[in-house]
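Participant:
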Amino acid sequence: MTEELIVHGLEWTDKLLFVYPNEFIYWSIQIVMYPYMTGLVAGAFVLSSLYHVFGQKDLKEMARFSLVFSLALLPVAMMPLMLHLQQPLRGMNVMFTPHFTSAIAAFGIVFSTYAVIVLTEIWFVYREYFVQQTIALKGKADLVSTFKRTLYHVLTLGAYDINEEAIAKDKKAVKIMAAIGIPVAGFLHGYAGFIFGSVKANALWMSPLMPVIFIMSAVVSGIALCMLTYIIIMEWKKLKATLARGRGDESVTTIRGAEIEVISKTSRYLIMFLVAAISLEILDLIFRGYTAMKSWDILRSVMFEEDFVKIFILQYGMGNALPFLMLMLPGLTIRRTAVALILVLFGVFMMRWNVVIGGQAFSLSFEGFMHYHLPIIPHNLETFKEGLAGALTVIATPFILFWGINKILPSLNVVESD
Amino acid sequence: MKNHVLRPLWCALAAIALILIVRHFMVPDDFGVNGESFTYGFHRLSNVDEWQDFKAKYKGREYCQECHEENVAEASTSKHQLIQCENCHGPAIDHPDAPETLVIDTSRELCLRCHASLSYPDSPRAKIKAIDPDRHNTDTSCIECHNPHNPNLEEG
Amino acid sequence: MSCSRRKLLKSALSASVAASLPISAFRFLSPAECKAATGTEGTRWGFLVDTNKCVGCGFCVKACKKENEVPYEAPVTRTWVERYVVTKNNKLHIDSPLGGRDGFTDQKIRGEEIDPAEIAKTFFVPKLCNQCENPACVQVCPVGATYQTGDGVVLVDRDWCIGCGYCIMACPYGARFFHPVHKVAEKCTFCYHRISNGQQTACVEACPFEARRIGNLLDQNDPVTKIIMTERVAVLKDEYGTKPQVFYLGLDRNVR
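Chains P, Y and D are the protein sequences, given in the same order.
Going by the numbering used here, 280 is the number at position 280 of the first sequence; the sequence numbering is gapless.
Going by the numbering used here, 135 is the number at position 135 of the second sequence; the sequence numbering is gapless.
Going by the numbering used here, 222 is the number at position 222 of the third sequence; the sequence numbering is gapless.
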């Protein structure tokens with residue numbers, strides 16, 4: 001009887017003062033992870049599109065990588081939701097009977113559309129490569145090669161033409177998909193912000209600014225993740241090449257790590273979106289304090305007392321102001337950039353945390369508080385799914401997927417031909 | 001020369017078709033907008049009947065009276081006539097078939113719901129005779145001295 | 001591109017767009033048809049709570065749990081009673097131990113002693129789902145699992161709810177929760193199975209002091225409706241625009 005009877009949220013919620021009996025922290029770590037992951041997806045795609053659409057030549061190196069990484073992130077965006085739902089097997093109901101008055105119903109359409117766009121753009125970018133691989137692998141009899149050749153054969157969708165005209169068509173299509181993808185990526189994350197911003201019952205969430213704040217910080221996190229992963233991978237390759245050369249391996253001709261030119265130009269874009277995100281958040285805060293509605297007393301108490309460190313020190317301080325300074329100061333190095341990017345990613349995560357958990361930190365009665373403690377060691381399915389273990393699973397998965405996808409769609413050290 | 005540009009579109013259409021086919025089997029036929037409002041009336045119609053058919057557990061005093069005439073009569077002259085039989089005796093459900101007998105809650109806690117003294121002079125609770133549960137015969141069950149059907153204390 | 005190919009493209013595109021709209025899910029039943037099918041014509045349920053009469057015995061909470069199979073030991077409940085003690089220094093003391101399931105037998109509020117001499121006023125406030133006219137919880141359900149019936153009651157389809165919790169977050173009153181066993185959204189249904197069959201709700205029947213009553217707001221002769229129409233009643237949190245249909249007599253400004 002005790003195994004089945006789980007009051008969802010009871011385990012990780014501490015109630016202080018007066019809280020309604022049915023109130024618990026229902027939306028916990030996985031709901032923090034979900035907008036974080038979709039933000040990374042949207043941001044990675046926007047970064048890639050900045051090259052394809054706006055011809056930002058300095059982003060050439062990054063473009064293909066961030067596009068493929070965006071694909072690796074895509075299925076991971078679903079994971080937090082599946083882990084959170086009390087009835088995960090019914091998750092598809094959102095696709096079957098979408099109630100469009102609900103922001104969450106938009107998920108089905110927007111996510112599918114976005115997935116189609118990313119897959120389509122990748123197909124156009126890699127079609128030539130698929131065809132070349134089917135030719136190159138011809139005649140090889142071993143199992144892996146045969147499997148790969150069949151896979152590439154299927155992936156060409158039967159379009160074998162790789163003459164100049166066909167390739168030109170591909171490039172044009174890429175540009176179109178990248179252009180369409182930008183507003184859709186914006187939508188993918190804007191609607192996530194709308195999910196929170198439209199809940200009038202929640203005094204912290206309700207704000208018309210919420211969708212915009214979410215989009216801005218999503219792009220920030222996407223760019224930061226791509227830059228960071230790019231730096232790590234390129235520096236790792238440089239290390240391997242250096243070691244090989246040291247051992248006398250003559251095949252190593254170039255030792256190239258992350259280029260500071262690329263990094264510093266990309267970080268300009270990062271700074272722009274960072275400034276936009278923080279400005280809107282500060283505006284929201286000032287506005288609330290100025291208008292001092294009924295909820296202001298409890299909100300002020302949560303923001304300036306209970307969650308002061310989480311909001312002002314961790315998010316605004318370490319996650320926004322500090323990396324901003326680090327990126328703006330002259331003499332930017334790869335190392336300093338990497339540290340700044342880690343702080344930015346941390347800052348965006350704290351923003352999601354402070355919105356989701358912070359919005360449930362006070363009771364609807366405005367006369368009490370709820371404290372959230374993340375389950376660290378899981379002892380049942382629920383504390384696994386909605387605990388540290390579940391969060392780590394979600395974070396690790398895109399990298400595992402990328403490792404696999406990269407074998408089929410190589411995206412590093414590939415320079416887009418103009 | 002065949003135009004290969006549209007191939008991803010055909011794939012997307014195939015995926016949509018697949019979803020629609022699966023949907024046809026997964027969504028009940030009576031799912032739709034019931035009434036005028038898509039906002040408030042979008043649901044599976046047969047669920048309303050399902051809720052209406054949910055089993056009622058409490059039967060009410062009139063049902064008890066059919067067999068337990070004397071007990072109901074005993075209570076009818078006292079202040080406790082206000083209290084439904086099932087508040088203390090538990091829901092009848094399918095009694096006398098199932099359960100055969102109802103377990104009566106004879107705990108002090110039950111009586112204290114109304115009779116624990118709380119010093120709230122402006123509350124209607126003040127009109128109820130009350131005791132301090134930590135002082136008044138703490139090791140005895142209330143019903144050893146008080147008849148719950150007819151506690152009329154004035155009669156000694 | 002030749003004309004026929006263009007035509008093919010256009011028609012393929014529009015066909016796919018049209019087909020992708022879940023058209024059959026948007027079939028419309030007229031309100032009259034629907035009400036006739038479910039027997040809800042001419043009824044709009046409304047509830048009346050008289051805080052001048054509630055003594056905090058909690059029999060309503062106990063009866064509700066047993067009637068509606070909400071696990072008795074779990075700290076979640078479809079209805080609950082809140083105790084308010086306002087002291088002379090204008091400080092507010094509120095509690096609702098287990099929703100008032102066992103009544104209020106302790107003078108201490110959440111462990112805090114309150115000097116009876118300092119008490120200015122006290123009252124008990126029963127709460128339940130307000131079965132709003134414009135329910136925010138229904139608006140946000142992504143799959144159409146929760147809805148409003150023809151007679152105004154908001155129900156949850158236990159077989160369709162995906163358990164996302166959006167409705168729980170959207171309710172300003174804290175009326176919703178996850179059912180610990182069914183693992184879907186749960187809330188007070190005005191004992192729809194009882195009122196649809198001529199019985200009273202479990203809580204109304206259990207209350208010895210007539211602090212709770214239910215009636216048909218569309219029936220001018222209903223005694224409950226008459227009180228709501230002619231006496232001074234209030235609702236909870238009307239600033240959210242949900243148009244709640246639970247009316248309170250004696251609702252104090254301190255009620256949260």
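All C-beta atoms, glycine included, are put in the ideal place defined by N, C-alpha and C.
Spell out a yes or no on whether the region 179-187 of chain P and the region 25-37 of chain P are touching, meaning 3 or more CB-CB pairs, one atom from each, closer than 8 Å.
Facilitator: No, the region 179-187 of chain P does not touch the region 25-37 of chain P.
Participant: Taking Cβ to Cβ, would you say residue 53 of chain P is nearer than 7 Å to residue 244 of chain P?
Facilitator: Residue 53 of chain P sits at position 53 when you count from the first residue of the first sequence. Residue 244 of chain P sits at position 244 when you count from the first residue of the first sequence. Pairing residue 53 of chain P with residue 244 of chain P gives a Cβ-Cβ distance that is not under 7 Å.
Participant: What residue range is occupied by the uninterrupted alpha helix (DSSP H) comprising residue 22 of chain Y?
Facilitator: Against the second sequence, residue 22 of chain Y aligns to sequence position 22. Run containing residue 22 of chain Y: 7-26, per the alpha helix (DSSP H) assignment.
Participant: Is residue 213 of chain D helix, strand or coil when you go by DSSP?
Facilitator: In the third sequence, counting from the first residue as 1, residue 213 of chain D sits at position 213. Strand at residue 213 of chain D.
Participant: Quick check: the Cα distance between residue 257 of chain D and residue 79 of chain D, rounded to an integer number of angstroms?
Facilitator: It is not possible to answer for residue 257 of chain D, since the shown part of chain D is limited to 1 through 256.
Participant: For the region 51-80 of chain Y, which residues have a CB atom closer than 8 Å to at least one CB atom of chain D, in sequence order?
Facilitator: If the cut-off is 8 Å between Cβ atoms, the region 51-80 of chain Y has 51, 52, 53, 54, 55, 56, 57, 58, 60 near chain D.
Participant: Taking Cβ positions only, does residue 24 of chain D come closer than 7 Å to chain P?
Facilitator: Locating residue 24 of chain D in the third sequence gives position 24, counting from the first residue. For residue 24 of chain D, the predicted model reports a pLDDT of 47, less than 50, meaning its position is unreliable and no value from the coordinates is stated.
Participant: Starting from residue 102 of chain D, find everything on chain Y with Cβ-Cβ shorter than 8 Å and list it in chain order.
Facilitator: Within the third sequence, the letter at position 102 stands for residue 102 of chain D. Within 8 Å Cβ-Cβ: 109, 113.
Participant: Determine the extent of the beta strand (DSSP E) in which residue 148 of chain D is found, giving its start and end residues.
Facilitator: Along the third sequence, read from residue 1 onward, the residue named residue 148 of chain D stands at position 148. 146-148 is the span of the beta strand (DSSP E), which, as asked, contains residue 148 of chain D.
Participant: Let's test the definition: count the other Cβ atoms within 10 Å of the Cβ of residue 309 of chain P and tell me whether it reaches 16, buried, or not, exposed.
Facilitator: For the purposes of this step, residue 309 of chain P is taken as the residue at position 309 of the first sequence. Around the C-beta of residue 309 of chain P, fewer than 16 other C-beta atoms lie within 10 Å, and the residue is accordingly described as exposed.
Participant: When the cut-off is 7 Å and only beta carbons count, does residue 105 of chain P lie next to chain D?
Facilitator: Within the first sequence, the letter at position 105 stands for residue 105 of chain P. Interface residue, yes.
Participant: I need the boundaries of the alpha helix (DSSP H) containing residue 223 of chain D, first residue and last residue.
Facilitator: Working through the third sequence from its first residue, we reach residue 223 of chain D at position 223. Where residue 223 of chain D is concerned, the enclosing alpha helix (DSSP H) stretches over 223-230.
Participant: When the distance is taken between beta carbons, is residue 396 of chain P closer than 7 Å to residue 188 of chain P?
Facilitator: Working through the first sequence from its first residue, we reach residue 188 of chain P at position 188. Working through the first sequence from its first residue, we reach residue 396 of chain P at position 396. No, the Cβ-Cβ distance between residue 188 of chain P and residue 396 of chain P is not below 7 Å.
Participant: Find out if the Cβ-Cβ distance for the pair residue 131 of chain Y, residue 141 of chain Y is shorter than 7 Å.
Facilitator: Along the second sequence, read from residue 1 onward, the residue named residue 131 of chain Y stands at position 131. Along the second sequence, read from residue 1 onward, the residue named residue 141 of chain Y stands at position 141. Not closer than 7 Å, so no.
Participant: Measuring alpha carbon to alpha carbon, tell me which residue in P:386, P:366, P:365 is nearest residue 375 of chain P.
Facilitator: On the first sequence, position 375 is the one that residue 375 of chain P refers to. Looking at the Cα atoms, P:386 is the closest of the given residues.
Participant: Suppose the cutoff is 7 Å on Cβ atoms and the five residues either side in sequence are ignored; what does the same chain contact list for residue 164 of chain D look like?
Facilitator: Translated into positions along the third sequence, residue 164 of chain D becomes position 164. Around residue 164 of chain D: 142.
Participant: Comparing alpha-carbon positions, which option in D:189, D:98, D:56 lies nearest residue 214 of chain D?
Facilitator: Indexing the third sequence from 1 puts residue 214 of chain D at position 214. Checked all of D:189, D:98, D:56; the closest Cα to residue 214 of chain D is D:189.
Participant: Tell me which residues share the same chain as residue 9 of chain P and place their Cβ nearer than 8 Å to its Cβ, disregarding the 5 neighbours each side in the sequence.
Facilitator: Translated into positions along the first sequence, residue 9 of chain P becomes position 9. 24, 25, 26, 28, listed in sequence order.
Participant: In this structure, what does DSSP give as the bridge partners for residue 42 of chain Y?
Facilitator: Along the second sequence, read from residue 1 onward, the residue named residue 42 of chain Y stands at position 42. Y:33, per the DSSP bridge assignment.
Participant: Is there at least one Cβ from chain Y nearer than 7 Å to residue 176 of chain D's Cβ?
Facilitator: Counting from one through the third sequence, the residue named residue 176 of chain D turns up at place 176. Not closer than 7 Å to any Cβ of chain Y, the Cβ of residue 176 of chain D fails to qualify, so no.
Participant: Strictly under 7 Å for the Cβ-Cβ distance: is residue 135 of chain Y near chain P by that measure?
Facilitator: Reading the second sequence from its first residue, position 135 is the one you call residue 135 of chain Y. It does not; no Cβ of chain P falls within 7 Å.
Participant: Should the region 62-71 of chain P be called in touch with the region 394-413 of chain P, which here means at least 3 C-beta pairs below 8 Å?
Facilitator: yes
Participant: Using DSSP's beta-bridge definition, name the partner residues of residue 95 of chain P.
Facilitator: For the purposes of this step, residue 95 of chain P is taken as the residue at position 95 of the first sequence. Looking at the DSSP assignment, residue 95 of chain P forms no beta bridge with any residue, so it has no partner.
Participant: Is it true that the CB of residue 203 of chain D sits closer than 7 Å to the CB of residue 313 of chain D?
Facilitator: No information on residue 313 of chain D is available, as it lies outside the stretch 1 to 256 that chain D covers here.
Participant: Using the Cα positions of residue 208 of chain P and residue 135 of chain Y, report the straight-line distance between them to the nearest angstrom.
Facilitator: Taking the first residue of the first sequence as 1, we reach residue 208 of chain P at position 208. Taking the first residue of the second sequence as 1, we reach residue 135 of chain Y at position 135. If you take the alpha carbons of residue 208 of chain P and residue 135 of chain Y, they lie about 58 Å apart.
Participant: Have a look at residue 315 of chain P and residue 90 of chain D and give me their C-alpha separation to the nearest angstrom.
Facilitator: Locating residue 315 of chain P in the first sequence gives position 315, where the first residue counts as 1. Locating residue 90 of chain D in the third sequence gives position 90, where the first residue counts as 1. Distance between the alpha carbons of residue 315 of chain P and residue 90 of chain D is about 37 Å.
Participant: Kindly indicate the opening and closing residues of the beta strand (DSSP E) around residue 126 of chain D.
Facilitator: Locating residue 126 of chain D in the third sequence gives position 126, counting from the first residue. According to the DSSP assignment, residue 126 of chain D belongs to the beta strand (DSSP E) that extends over 119-127.
Participant: Which residues of the region 196-212 of chain P have a Cβ closer than 7 Å to any Cβ of chain Y? Give them in chain order.
Facilitator: Residues: none.
Participant: Is the distance from the Cβ of residue 20 of chain P to the Cβ of residue 365 of chain P below 7 Å?
Facilitator: Start at 1 with the first residue of the first sequence, and residue 20 of chain P comes out as number 20. Start at 1 with the first residue of the first sequence, and residue 365 of chain P comes out as number 365. Yes, the Cβ-Cβ distance between residue 20 of chain P and residue 365 of chain P is below 7 Å.
Participant: Does residue 28 of chain Y have its Cβ less than 7 Å from a Cβ in chain P?
Facilitator: For the purposes of this step, residue 28 of chain Y is taken as the residue at position 28 of the second sequence. False, the Cβ-Cβ gap to chain P never drops below 7 Å.
Participant: Tell me the residue span of the beta strand (DSSP E) that contains residue 83 of chain D.
Facilitator: If you number the third sequence from 1, residue 83 of chain D lands on position 83. That run of the beta strand (DSSP E) goes 80-87.
Participant: Please classify residue 248 of chain D: is it buried, with 16 or more other beta-carbons within 10 angstroms of its beta-carbon, or exposed?
Facilitator: Here residue 248 of chain D corresponds to residue number 248 of the third sequence, with the count starting at 1. Answer is buried; the Cβ neighbour count reaches 16.
Participant: By the DSSP assignment, the beta strand (DSSP E) with residue 248 of chain D in it spans what residues?
Facilitator: Residue 248 of chain D sits at position 248 when you count from the first residue of the third sequence. Taken as a continuous stretch (DSSP letters only), the beta strand (DSSP E) holding residue 248 of chain D covers 246-249.
Participant: Under 7 Å between the Cβ atoms of residue 432 of chain P and residue 82 of chain P?
Facilitator: The structure shown does not extend to residue 432 of chain P, since chain P spans only 1 to 418, so no value can be given for it.
Participant: Going by DSSP, what residues sit across from residue 178 of chain D in a beta bridge?
Facilitator: The residue labelled residue 178 of chain D in the question sits at position 178 within the third sequence. For residue 178 of chain D, which the question treats as bridged, DSSP gives the partners D:185.
Participant: If the cut-off is 9 Å on Cβ atoms, which residues from the region 8-41 of chain P count as contacting chain D, listed in chain order?
Facilitator: 8, 9, 10, 17, 18, 19, 20, 21, 22, 23, 24, 26, 27, 31
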